[in-house]
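Asker: Handing you this structure, nothing more for now.
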Amino acid sequence: MFQKEVYAERRQNLKKELSSGIALFMANHEAAFNYPANTYHYRQDSHFSYFFGLNHPGFAGVIDFESGKEILFGDDVEIDDIIWMGPQPSVNDLAAQVGISEISSFNKLDSYIRKALESGRTIHFLPPYRGAMMIALGRLLNMPAHEVRSKASLPLIKAVVKLKEIKSALEVSEIEKAVDIAWLMHTTAMKMAKPGIVEQEIAGTIEGIALAHGGPVSFPVILSMDGQTLHNHNHHNTLKAGRMMVVDAGTETRSLYSSDITRTTPVGGKFSSRQKEIYEIVLKANMDTIAAIRPGVEYREMHLLAARIIAQGLKDLGLMKGNVDEAVAAGAHALFMPHGLGHMLGMDVHDLEGLGETYVGYDEKTKRSSQFGTAYLRLGKELKPGFVVTDEPGIYFIPALIDKFRSEGLFIDYVNYDKVEQYKDFGGIRIEDDILVTEDGYRVLGKPIPKTVAEVEETAAQQREWLKIPGVF
Ligand code: GLY
Ligand code: MN
Ligand code: MN
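When we follow the working numbering, the leftmost residue of the sequence shown carries the number 113, and every step to the right adds one.
Here's what the structure looks like:
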């Protein structure tokens, strides 16, 4: 948790954005794993955490935009809870830790909201993403659970995006801690990428590194020799010489800030010349787009720059053909990179996306493309200082997509399908870094993670050793 002033200031900033009604932020409930008393690792709601700091279930926070009042609803634990969970701070103490002076029993939330609704006040709330929360909000707000998401407050969504998309120095330093831990996760994975190792051994080891540093992982580990499957959570393969292993993984810090990093390592530690050729194109797309990041540029322009680099590189190898700009305008590159260049990163790995991807990644000036590939770009709008974004180009040879496009006669002026057929056993390559947009450019966050061919090969040649990132706790 940060100092109480941090939370007080965030709530003050929100009050400047809305002038009427009440904002309601619910703490997440515990979520059952396989029966009610056996729960998943507790994860607080990121927005509740941002404004109210506490990492516990059983709370709600309200901010009254007219009176300026802030109330924390929650109850002191009882002796039964103390027996199972140990002594817990009182609600009064917890409220003081986050700069709140007014507290109320959680049971009173119902009547507080009912009274506000009866007097015609607007209750602003954010769209819930868990079924239990939809039911809880539906009951509180007197609406069917299935309608709650669509009735979320657009003014509150826009205000929260406006505040949270700009990361403070404190937040950036938390994200950097998360990237430093990811450095250990990824360098360990590189060192373990030897023929005969089962992917699960590496996935489990790097997830353990996240947990050992406060974790958990910020999303389920993606780790596979079948890197052409973009989000591959199947870790059953035994690594084989001649293949590559894509690892897309990051962690959360205790304060819930994330990292999201991808590296691709040749099994056994040496890229073949065919792998190296494709790797260098992805690396150039990653490095050149990072170098072009600065305030005022649209991230969609960076996405299209990556697309042109990929199309040019593939043309140089004879896999694509024709005019590169025309190929990209037509969307032909999306056969090889059918995803966006990146997204916001923060307390959520796709930061703020739960509020509506379009509210976060686009605005009045920059509208989402409807073209296959570019339509999946999560962040297209103009960059501002304080944004933290991912930069994650990739090249994939997806046999089903190649067959589909070829059979439909798509992009025949730009794709050399006969040559592409020879790459159907290639897999995929993705390289992802986490970048801060600064006042005049960018900063790649965290301890540099091996990325060039030489750096990856040098790391992969080493034996694994157990390291600990200092200063995380
Ligand atoms: N880890 C998912 C992504 O890179 O967006
Ligand atoms: Mn990722
Ligand atoms: Mn990402």
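Here a beta-carbon is modelled for each residue, glycine too, at the ideal position from N, C-alpha and C.
A quick note: this is a predicted structure, and the numbers were derived from the prediction, not measured.
Counting beta carbon pairs with one atom in the region 399-406 and one in the region 431-441, are three or more of them shorter than 8 Å?
Answerer: No, the region 431-441 does not touch the region 399-406.
Asker: If we count Cβ pairs, one from each stretch, closer than 8 Å, do we get three or more for the region 340-357 versus the region 378-387?
Answerer: In short, these stretches touch, since the Cβ pair count reaches three.
Asker: Rounded to the nearest angstrom, what separates residue 153 and residue 245 at their Cα positions?
Answerer: Answer to the nearest angstrom: the Cα atoms are 17 Å apart.
Asker: Could you give the DSSP three-state label for residue 144: helix, strand or coil?
Answerer: Correct three-state label for residue 144: strand.
Asker: Is the distance from the Cβ of residue 303 to the Cβ of residue 129 below 9 Å?
Answerer: No, Cβ-Cβ distance for residue 303 and residue 129 is not below 9 Å.
Asker: From residue 415 to residue 270, what does the alpha carbon distance come to, in whole angstroms?
Answerer: Cα to Cα, the separation comes out at about 24 Å.
Asker: Can you check which of these residues, 542, 545, 496 and 538, is closest to residue 553 by C-alpha distance?
Answerer: The candidate whose alpha carbon is nearest that of residue 553 is 496.
Asker: Report back the beta-carbon spacing between residue 296 and residue 315 to the nearest angstrom; my notes put them in contact at under 8 Å.
Answerer: That belief does not hold up - the Cβ atoms of residue 296 and residue 315 are roughly 15 Å apart, past 8 Å.
Asker: Below 8 Å, how does it come out for the region 161-173 and the region 114-127: are there three or more Cβ pairs, yes or no?
Answerer: The region 161-173, when compared against the region 114-127, does touch it at the 8 Å Cβ threshold.
Asker: Per DSSP, what kind of secondary structure is residue 551 in: helix, strand or coil?
Answerer: In this structure, residue 551 counts as coil in the three-state DSSP scheme.
Asker: How should residue 197 be labelled, buried or exposed, when 16 other C-beta atoms within 10 angstroms of its C-beta is the threshold for buried?
Answerer: Residue 197 is exposed by the Cβ-count criterion.
Asker: Along the chain, where does the beta strand (DSSP E) that runs through residue 379 open and close?
Answerer: No beta strand (DSSP E) holds residue 379; DSSP gives it neither H nor E.
Asker: Helix, strand or coil for residue 473 per DSSP?
Answerer: Helix, per DSSP.
Asker: What three-state label does DSSP hand residue 134 in the structure shown?
Answerer: Here residue 134 sits in strand by DSSP.
Asker: Measuring CB atoms only, is the region 359-370 touching the region 457-464, in the sense that at least three cross pairs come out at less than 8 Å?
Answerer: Enough Cβ pairs lie closer than 8 Å, so yes.
Asker: Is it the case that the CB of residue 234 approaches a heavy atom of ligand 2 more closely than 8 Å?
Answerer: Residue 234 Cβ: outside cutoff for every heavy atom of ligand 2.
Asker: So for residue 342, helix, strand or coil by DSSP?
Answerer: Correct three-state label for residue 342: coil.
Asker: Considering only heavy atoms of ligand 3 and the C-beta of each residue, which residues fall inside 6 Å, strictly closer?
Answerer: Those satisfying the condition are, in chain order, 372, 455, 502, 504 and 544.
Asker: Helix, strand or coil for residue 365, going by three-state DSSP, please let me know.
Answerer: Reduced to three states, the DSSP call for residue 365 is coil.
Asker: Could you have a look at residue 175 and say whether DSSP puts it in helix, strand or coil?
Answerer: Residue 175: strand per DSSP, three-state reduction.
Asker: Hey, out of 478, 288 and 525, whose CA is closest to residue 560's CA?
Answerer: The shortest Cα separation from residue 560 among 478, 288 and 525 belongs to 288.
Asker: Can you tell which of 411, 375, 570 and 406 has its C-alpha closest to the C-alpha of residue 480?
Answerer: Of 411, 375, 570 and 406, the residue nearest in Cα terms is 411.
Asker: Where do the ends of the beta strand (DSSP E) carrying residue 185 lie?
Answerer: That run of the beta strand (DSSP E) goes 182-185.
Asker: Across which residues does DSSP place residue 150 in a beta bridge pair?
Answerer: Answer by DSSP bridge pairing, in chain order: 147.
Asker: Please report the residue range of the beta strand (DSSP E) in which residue 540 lies.
Answerer: That run of the beta strand (DSSP E) goes 540-542.
Asker: Is DSSP giving residue 489 helix, strand or coil here?
Answerer: DSSP places residue 489 in coil when its eight states are reduced to three.
Asker: What first and last residue would you give for the beta strand (DSSP E) that runs through residue 224?
Answerer: Taken as a continuous stretch (DSSP letters only), residue 224 belongs to no beta strand (DSSP E), being part of the alpha helix (DSSP H) at 221-230.
Asker: Indicate the three-state DSSP secondary structure (helix, strand or coil) for residue 277 in the structure shown.
Answerer: If DSSP states are grouped into helix, strand and coil, residue 277 belongs with coil.
Asker: For residue 508, which three-state DSSP category applies?
Answerer: If DSSP states are grouped into helix, strand and coil, residue 508 belongs with the strands.
Asker: Residue 370 by DSSP, collapsed to three states: which one?
Answerer: Reduced to three states, the DSSP call for residue 370 is strand.
Asker: Sort 453, 171 and 439 by Cα distance to residue 216 and report the nearest one.
Answerer: It is 171 whose Cα lies nearest to the Cα of residue 216.
Asker: Does the distance between the C-beta of residue 461 and the nearest non-hydrogen atom of ligand 2 fall short of 8 Å?
Answerer: Answer for residue 461: yes, Cβ within range of ligand 2.
Asker: What whole-angstrom Cβ distance do residue 494 and residue 477 have, given they're in contact under 8 Å?
Answerer: About 7 Å; that satisfies the 8 Å criterion.
Asker: When you compare only the Cα positions, how much space is there between residue 259 and residue 471?
Answerer: Straight-line Cα distance between these residues: approximately 19 Å.
Asker: Could you check where the alpha helix (DSSP H) with residue 570 kicks off and where it finishes?
Answerer: Looking at the DSSP string, the run of the alpha helix (DSSP H) that includes residue 570 is 565-572.
Asker: Could you tell me which residues DSSP pairs with residue 546 in its beta bridges?
Answerer: Answer by DSSP bridge pairing, in chain order: 502.
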